[in-house]
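Comments concern the structure below.
There are 4 protein chains.
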Amino acid sequence: MKKNCLLKKMAITAVLTALCFSVYAQEQKEYPKQEPMRPAMSEYWTPQPKVVTPGTATGNAFLSAPSDAIVLFDGKDLSEWESPKDGSPAQWNVHDGVVTVNKKAGDIQTKRKFENFQLHIEWMIPANITGTGQVRGNSGVYMQGKYEVQVLDSYKSETYVNGQAGSIYKQTPPLANAMRKPGEWNVYDIIYSAPVFKEDGTYRIPPTITVIQNGIVLQNHTTILGTTEYIGFPKVEKHGAGPILLQSHGDPSEPISFRNIWIREL
Amino acid sequence: MKKNCLLKKMAITAVLTALCFSVYAQEQKEYPKQEPMRPAMSEYWTPQPKVVTPGTATGNAFLSAPSDAIVLFDGKDLSEWESPKDGSPAQWNVHDGVVTVNKKAGDIQTKRKFENFQLHIEWMIPANITGTGQVRGNSGVYMQGKYEVQVLDSYKSETYVNGQAGSIYKQTPPLANAMRKPGEWNVYDIIYSAPVFKEDGTYRIPPTITVIQNGIVLQNHTTILGTTEYIGFPKVEKHGAGPILLQSHGDPSEPISFRNIWIREL
Amino acid sequence: MKKNCLLKKMAITAVLTALCFSVYAQEQKEYPKQEPMRPAMSEYWTPQPKVVTPGTATGNAFLSAPSDAIVLFDGKDLSEWESPKDGSPAQWNVHDGVVTVNKKAGDIQTKRKFENFQLHIEWMIPANITGTGQVRGNSGVYMQGKYEVQVLDSYKSETYVNGQAGSIYKQTPPLANAMRKPGEWNVYDIIYSAPVFKEDGTYRIPPTITVIQNGIVLQNHTTILGTTEYIGFPKVEKHGAGPILLQSHGDPSEPISFRNIWIREL
Amino acid sequence: MKKNCLLKKMAITAVLTALCFSVYAQEQKEYPKQEPMRPAMSEYWTPQPKVVTPGTATGNAFLSAPSDAIVLFDGKDLSEWESPKDGSPAQWNVHDGVVTVNKKAGDIQTKRKFENFQLHIEWMIPANITGTGQVRGNSGVYMQGKYEVQVLDSYKSETYVNGQAGSIYKQTPPLANAMRKPGEWNVYDIIYSAPVFKEDGTYRIPPTITVIQNGIVLQNHTTILGTTEYIGFPKVEKHGAGPILLQSHGDPSEPISFRNIWIREL
């Protein structure tokens with residue numbers, strides 16, 4: 041091939057190549073790349089989270105309080121509790137490291153008030169429980185004195201599902217029936233987020249709750265619709281920090297017991 | 041008073057009364073009341089939640105699998121696990137009811153894939169661990185193979201906070217440092233919700249995670265921002281169900297061990 | 041002061057100073073700093089969002105469809121609509137660029153089904169409307185055929201608040217009464233996110249809705265509790281994509297009209 | 041078959057049938073039905089939402105303030121605005137019913153502070169704009185003085201997507217490019233929810249934002265990750281109510297203008 045010819049051929053190739061690149065560029069428009077980072081750019085050192093010494097497990101249900109928990113009941117006395125009626129001392133029966141419902145005394149609640157927290161509470165239906173459905177060791181744990189997680193013997197005992205153990209009472213049934221039988225201890229581990237209110241008293245952010253019974257998730261970040269009402273729809277009403285309240289339901293048979301109650305503010 | 045006058049007076053009084061009522065009505069306008077309900081109207085009976093027999097606690101950390109859990113490691117073999125590289129058998133060391141990281145084998149992952157679940161996993165930093173910071177028993181538990189909860193010895197050992205035990209690695213530090221010391225077993229109880237994607241591959245609903253270590257809440261329904269990246273920002277990329285993956289980080293000193301791994305789909 | 045005394049004083053000062061420094065050091069422990077970044081590290085270029093040509097506003101309420109919208113009613117015909125009873129053609133009355141409810145024909149719904157979307161719809165209560173409360177131009181826009189945003193004349197007309205214009209019917213009242221009077225056009229701009237279901241048919245993520253009437257926010261990312269029920273509690277039942285449905289309520293007086301209906305999938 | 045044999049066979053069949061019925065009965069266990077309600081039980085009348093007179097639309101973008109809005113700029117003066125540097129009067133240029141950025145004066149912010157709100161703001165890139173990418177009418181609307189929705193000419197002009205019009209600057213790109221061209225008015229309708237903080241200064245609930253440009257949804261209840269930072273990751277820092285701030289970016293070419301700014305607290 042002569043030199044002239046070669047140059048022409050090269051020129052044509054160049055044009056084709058340019059054309060080809062142009063089409064390619066259109067299809068594959070080149071955008072700037074995100075500038076690369078180094079590992080330490082996504083690492084930060086402060087504030088260091090607080091150090092908490094975990095509790096110690098004993099037996100099948102008992103997990104002692106972590107170092108930063110407020111112990112609400114340690115088996116000895118009810119100094120952290122009062123009657124919601126008049127603030128008088130809580131009159132339930134403390135014995136053998138547990139506290140047993142006293143029907144005559146009514147509900148009891150903590151003197152302290154809480155907003156967002158993690159709560160650990162253990163409860164036992166008496167082995168000789170009688171009764172059926174809702175009349176079988178009925179009690180309840182109320183968040184901020186208003187929102188009830190049902191306590192009841194649901195071991196081989198059925199009732200309406202939004203009223204069985206681990207339900208948000210009259211609202212949301214539990215995801216499972218995770219009961220240990222009467223005479224054995226059950227554990228609730230609860231993570232609760234308080235509502236945020238608008239000025240008109242309605243929820244800007246409703247309360248949410250996670251409930252774990254004996255290691256099994258029953259409520260998974262469930263939205264609470266309003267206060268627990270025995271009759272009718274839940275109510276939405278403005279409130280601030282509130283106590284943990286334990287219900288005395290007044291069943292005719294042997295009453296239920298609680299132990300090892302502690303709470304960590306979140 | 042004459043009859044005429046009386047009538048006039050009565051008429052004026054009537055007008056005043058009517059006026060008064062009208063004002064009152066405006067201020068205290070009577071709206072219909074919500075019609076009262078009966079208790080059984082807010083009770084429903086089906087479907088009854090499934091019955092799950094809780095696990096049994098032994099010692100300070102061990103809680104055996106509930107009846108409906110998939111047991112991923114029961115101390116005997118790695119039949120539920122494989123190498124993420126090629127699906128070949130997982131080559132970590134099973135001994136004494138535990139499984140210990142094998143640096144040469146790399147990461148391992150479950151053969152099964154999961155979406156929304158509750159995961160229980162126990163892990164122990166060897167008592168004779170050496171090294172500092174990130175080089176101290178470093179491993180990790182990945183949700184859906186993509187989102188890492190850091191495993192590391194953070195007992196009296198500091199590092200960047202979004203890289204310590206219980207952090208969503210390179211994203212969110214834990215709420216507390218809840219470590220048991222090297223040679224003791226730690227427990228993670230994790231509740232995970234998978235993301236929901238739009239067609240363009242971005243999150244419609246991002247993944248969320250709750251992490252409890254030794255009974256202490258470390259992550260409280262934390263939003264996960266994207267995949268775990270050692271360098272740079274988390275990435276958002278579409279995916280379906282994915283495995284639980286355990287990281288082999290390759291530290292020079294004695295490797296960490298796992299035991300009693302089970303999962304419940306939610 | 042004698043020299044001895046001065047030395048002692050200096051010694052004490054030195055100890056105090058050292059102590060003070062020690063405390064200070066403890067408080068001001070030096071942690072590594074997060075490595076600085078450059079601006080382009082937090083900038084990314086792809087994918088570029090789609091280009092949408094906005095609609096054109098005419099008069100007081102009309103905003104024409106953006107370029108990527110599906111036009112559900114453009115004033116000419118009901119080709120996008122059908123009877124929910126049997127899929128037969130929608131028999132409402134098209135005239136003057138609007139469509140007016142035909143009581144005899146019952147509800148109408150779109151042939152297409154939707155999940156997550158932005159919906160624009162304009163509606164007019166006839167100027168000569170009669171009746172009171174719920175019997176005053178009653179209609180409704182149903183998301184996915186199941187969740188109703190109430191359409192009603194609430195201009196200087198009261199009813200139960202969870203049944204007035206802009207309410208999630210029988211669930212959540214609107215944040216305001218933003219009505220234009222009978223004979224004038226009202227606009228609803230709605231942003232709707234479909235629920236995500238668990239296998240058991242309950243919501244993993246409930247539906248949410250934002251409703252803007254005439255430029256005023258009535259529902260602000262409101263959680264929908266379940267299907268719209270005239271009697272009793274909302275129901276939670278599994279479903280997939282669903283139509284937009286317009287209600288024929290069958291009031292005795294002059295029926296209401298709709299126009300300019302378009303939807304953008306999100 | 042002998043009679044004896046037949047009887048035996050019948051007996052076995054009967055047992056099988058009984059067994060079968062028993063299984064069936066177990067599957068079809070009769071539970072109590074939820075007690076029926078009446079319509080008025082799910083209707084409530086108070087409180088009646090406030091009555092708001094909607095604004096009036098004029099031309100293609102202008103929607104005047106509803107009756108309950110705080111008018112931040114009505115075309116006449118900047119009495120609601122100040123300099124964020126020292127609280128001195130805002131020195132931007134008011135003319136022809138609009139306000140135009142004054143580079144020398146820097147940013148301006150509202151004297152009032154806000155938490156949760158709906159904001160309407162109109163803005164126009166000058167018809168003779170020059171420059172490219174980020175240097176093309178760059179400004180911004182900051183929620184609570186901290187979180188920026190980008191204002192920029194993105195009409196047929198590309199830049200990094202988390203920096204184009206309608207992006208949460210350096211965080212989240214818009215869902216669409218909904219620009220009107222230079223010389224025409226654009227509208228932002230924004231719904232913003234303020235963050236809720238924990239005591240440690242981190243978000244308990246992060247801020248969320250919905251942005252609608254010219255009737256098109258750009259941000260759909262987007263979670264804001266932290267303050268807008270030109271360099272590096274968003275920062276999380278505790279704050280209370282804050283102003284609306286408009287940015288003076290100091291581009292060399294003709295500056296952009298705003299008009300018709302109003303806000304409603306939610």
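Chains as they are written, first to last, in my numbering: chain A, 41 to 306; chain B, 41 to 306; chain C, 41 to 306; chain D, 41 to 306. The beta carbon of each residue, even a glycine, is placed where N, CA and C say it ideally should be.
Handout entry: Start and end residues, beta strand (DSSP E) containing S179(B)
Key = By 1-based counting over the second sequence, the position of residue 179(B) is 139. Its beta strand (DSSP E) spans residues S179 to M183.
Exercise for the section: Report all residues from its chain with a CB closer than 7 Å to the CB of G137(D); omit the five preceding and five following residues, and keep chain order. Expected result: Within the fourth sequence, residue 137(D) is the residue found at index 97, counting from 1. Here the set comprises G115 and R299.
Exercise for the section: Quick one: give me the first and last residue of the beta strand (DSSP E) that H261(C) is part of. Expected result: Against the third sequence, residue 261(C) aligns to sequence position 221. Note, H261(C): beta strand (DSSP E), I256 to T263.
Exercise for the section: Could you check how far apart the C-beta atoms of G146(A) and S288(A) are, in whole angstroms? I think they sit under 8 Å. Expected result: Looking up residue 146(A) in the first sequence gives position 106. Looking up residue 288(A) in the first sequence gives position 248. Contact flag correct, Cβ pair sits at about 5 Å.
Exercise for the section: Name the two residues that bound the continuous beta strand (DSSP E) containing T150(B). Expected result: The residue labelled residue 150(B) in the question sits at position 110 within the second sequence. First-last of the beta strand (DSSP E) with T150(B): I148 to T150.
Exercise for the section: Starting from V236(D), find everything on chain A with Cβ-Cβ shorter than 8 Å and list it in chain order. Expected result: Here the question's residue 236(D) lines up with position 196 in the fourth sequence. Ordered by position in chain A, the residues that pass the 8 Å Cβ test against V236(D) are V236 and I245.
Problem - Paired residues, beta bridge with I110(B) - DSSP - result: Here residue 110(B) refers to the residue found at position 70 when the second sequence is read from its first residue. BP columns for I110(B) point to I303(B).
Handout entry: Within chain A, partners of I256(B) - CB distance below 8 Å
Key = Against the second sequence, residue 256(B) aligns to sequence position 216. By Cβ distance, chain A contributes V92, P94, P106, Q158 and R304.
Problem - Cα-Cα separation, T150(C) to I296(C) - result: On the third sequence, position 110 is the one that residue 150(C) refers to. On the third sequence, position 256 is the one that residue 296(C) refers to. Distance between the alpha carbons of T150(C) and I296(C) is about 18 Å.
Problem - Straight-line gap, E27(D) to T267(D) (C-alpha atoms, nearest Å) - result: The first residue shown for chain D is 41 and the last is 306, placing residue 27(D) beyond what the model contains.
Practice task
Between the Cα of K144(A) and those of I252(A), E155(A), K153(A) and W132(A), spot the shortest distance and give me the residue it belongs to.
Solution key: In the first sequence, residue 144(A) corresponds to position 104, counting from 1. Ranking the options by Cα distance to K144(A), first place goes to W132(A).
Problem - Short CB-CB distance (under 8 Å) between A80(B) and chain D - result: Reading the second sequence from its first residue, position 40 is the one you call residue 80(B). At least one chain D Cβ lies under 8 Å of A80(B).
Exercise for the section: Determine the extent of the beta strand (DSSP E) in which M164(A) is found, giving its start and end residues. Expected result: Reading the first sequence from its first residue, position 124 is the one you call residue 164(A). Looking at the DSSP string, the run of the beta strand (DSSP E) that includes M164(A) is F157 to M164.
Problem - Beta-carbon proximity check, M164(D) vs E120(D), cutoff 8 Å - result: Your numbering for residue 164(D) matches position 124 in the fourth sequence. Your numbering for residue 120(D) matches position 80 in the fourth sequence. Cβ atoms of M164(D) and E120(D): not closer than 8 Å.
Practice task
Give a yes or no on whether the C-beta atoms belonging to G180(A) and Y209(A) are separated by under 8 Å.
Solution key: Position 140 of the first sequence, counting from 1, holds the residue named residue 180(A). Position 169 of the first sequence, counting from 1, holds the residue named residue 209(A). Yes. Within cutoff.
Practice task
Mind listing the chain D neighbours of M19(B)? Cutoff is C-beta to C-beta under 7 Å, in chain order.
Solution key: The structure shown does not extend to residue 19(B), since chain B is modelled only from 41 to 306, so the question has no answer here.
Practice task
Counting only the same chain and skipping the five closest in sequence on each side, list residues whose C-beta sits under 8 Å from that of D108(D).
Solution key: Locating residue 108(D) in the fourth sequence gives position 68, counting from the first residue. Here the set comprises K90, V92 and R304.
Handout entry: Proximity to P94(B) [Cα-Cα], best of N178(A), R220(A) and S82(A)
Key = Stepping through the second sequence from its first residue, residue 94(B) is reached at position 54. When each option's Cα is compared against that of P94(B), the closest is R220(A).
Handout entry: Minimum Cβ-Cβ distance from W85(B) to chain A less than 8 Å
Key = Along the second sequence, one-based indexing puts residue 85(B) at 45. Interface residue, yes.
Practice task
Just the chain A side, please: which residues come within less than 7 Å of P72(C) by C-beta, in chain order?
Solution key: As a first step, residue 72(C) must be located in the third sequence, where it is residue number 32. Near P72(C) (Cβ distances below 7 Å), the residues of chain A are W85.
Practice task
With DSSP as the reference, please indicate the residues paired to H289(C) in a beta bridge.
Solution key: By 1-based counting over the third sequence, the position of residue 289(C) is 249. For H289(C), which the question treats as bridged, DSSP gives no partner whatsoever.
Practice task
Would you be able to state if there are at least three C-beta pairs under 8 Å between the segment 68–86 of chain A and the segment 74–89 of chain C?
Solution key: yes
Problem - Local Cβ density within 10 Å of S207(D), reported as buried at 16 or more and exposed below that - result: For this step, residue 207(D) is matched to residue 167 along the fourth sequence. S207(D) comes out buried.
Handout entry: Partners in chain D for I271(C), counting only beta-carbon separations shorter than 9 Å
Key = Locating residue 271(C) in the third sequence gives position 231, where the first residue counts as 1. Simply P76, M77, R78, P79, M81 and S82.
Exercise for the section: Would you check if the distance between the CB atom of R176(D) and the CB atom of P283(D) is smaller than 8 Å? Expected result: Counting from 1 along the fourth sequence, the entry for residue 176(D) is found at position 136. Counting from 1 along the fourth sequence, the entry for residue 283(D) is found at position 243. For R176(D) and P283(D), no; Cβs fall outside 8 Å.
Practice task
Give me the Cα-Cα distance between Y71(C) and W85(A), rounded to the nearest whole angstrom.
Solution key: Position 31 of the third sequence, counted from the first residue, corresponds to residue 71(C). Position 45 of the first sequence, counted from the first residue, corresponds to residue 85(A). If you take the alpha carbons of Y71(C) and W85(A), they lie about 6 Å apart.
Practice task
Work out the CA separation of E198(C) and I169(C) for me, nearest whole Å.
Solution key: Within the third sequence, the letter at position 129 stands for residue 169(C). Within the third sequence, the letter at position 158 stands for residue 198(C). Going from the Cα of I169(C) to the Cα of E198(C) covers about 15 Å.
Handout entry: Amino acids of chain C, ordered along the chain, whose beta-carbon sits closer than 7 Å to that of R299(D)
Key = By one-based count along the fourth sequence, residue 299(D) stands at place 259. Those do not exist, as R299(D) stays about 15 Å from chain C at its closest Cβ, beyond 7 Å.
Handout entry: Straight-line Cα distance separating S123(B) from G185(B)
Key = Taking the first residue of the second sequence as position 1, residue 185(B) is located at position 145. Taking the first residue of the second sequence as position 1, residue 123(B) is located at position 83. Between G185(B) and S123(B), the C-alpha separation is close to 12 Å.
Practice task
Can you give me the start and stop residues for the beta strand (DSSP E) that R244(A) sits inside?
Solution key: Here residue 244(A) refers to the residue found at position 204 of the first sequence. Unbroken beta strand (DSSP E) run through R244(A): Y243 to I245.
Practice task
For R220(C), go through chain D and note every residue whose CB falls closer than 7 Å to its CB, in chain order.
Solution key: What you label residue 220(C) is simply residue 180 of the third sequence in a count that begins at 1. Within chain D, the residues near R220(C) are P94.
Exercise for the section: Measuring only between beta-carbons, confirm whether A307(B) sits less than 8 Å from chain A. Expected result: Shown here, chain B extends from 41 to 306; a query on residue 307(B) therefore has no answer.
Practice task
Output yes or no for whether 8 Å exceeds the beta carbon distance between T250(D) and I264(D).
Solution key: Numbered from its first residue, the fourth sequence carries residue 250(D) at position 210. Numbered from its first residue, the fourth sequence carries residue 264(D) at position 224. No, these two residues do not count as a Cβ contact at 8 Å.
Exercise for the section: Return the bridge partner residues of K90(B) from the DSSP annotation. Expected result: Within the second sequence, the letter at position 50 stands for residue 90(B). DSSP output for K90(B) lists A216(A) as bridge partner(s).
Practice task
List the residues of chain B whose Cβ lies closer than 9 Å to the Cβ of T263(D), in chain order.
Solution key: Counting from 1 along the fourth sequence, the entry for residue 263(D) is found at position 223. Under the 9 Å cutoff, chain B gives P246 and T263.
Problem - CB contact check: T250(C) to chain D, cutoff 8 Å - result: Residue 250(C) sits at position 210 when you count from the first residue of the third sequence. Chain D, which has a Cβ nearer than 8 Å to the Cβ of T250(C), makes this yes.
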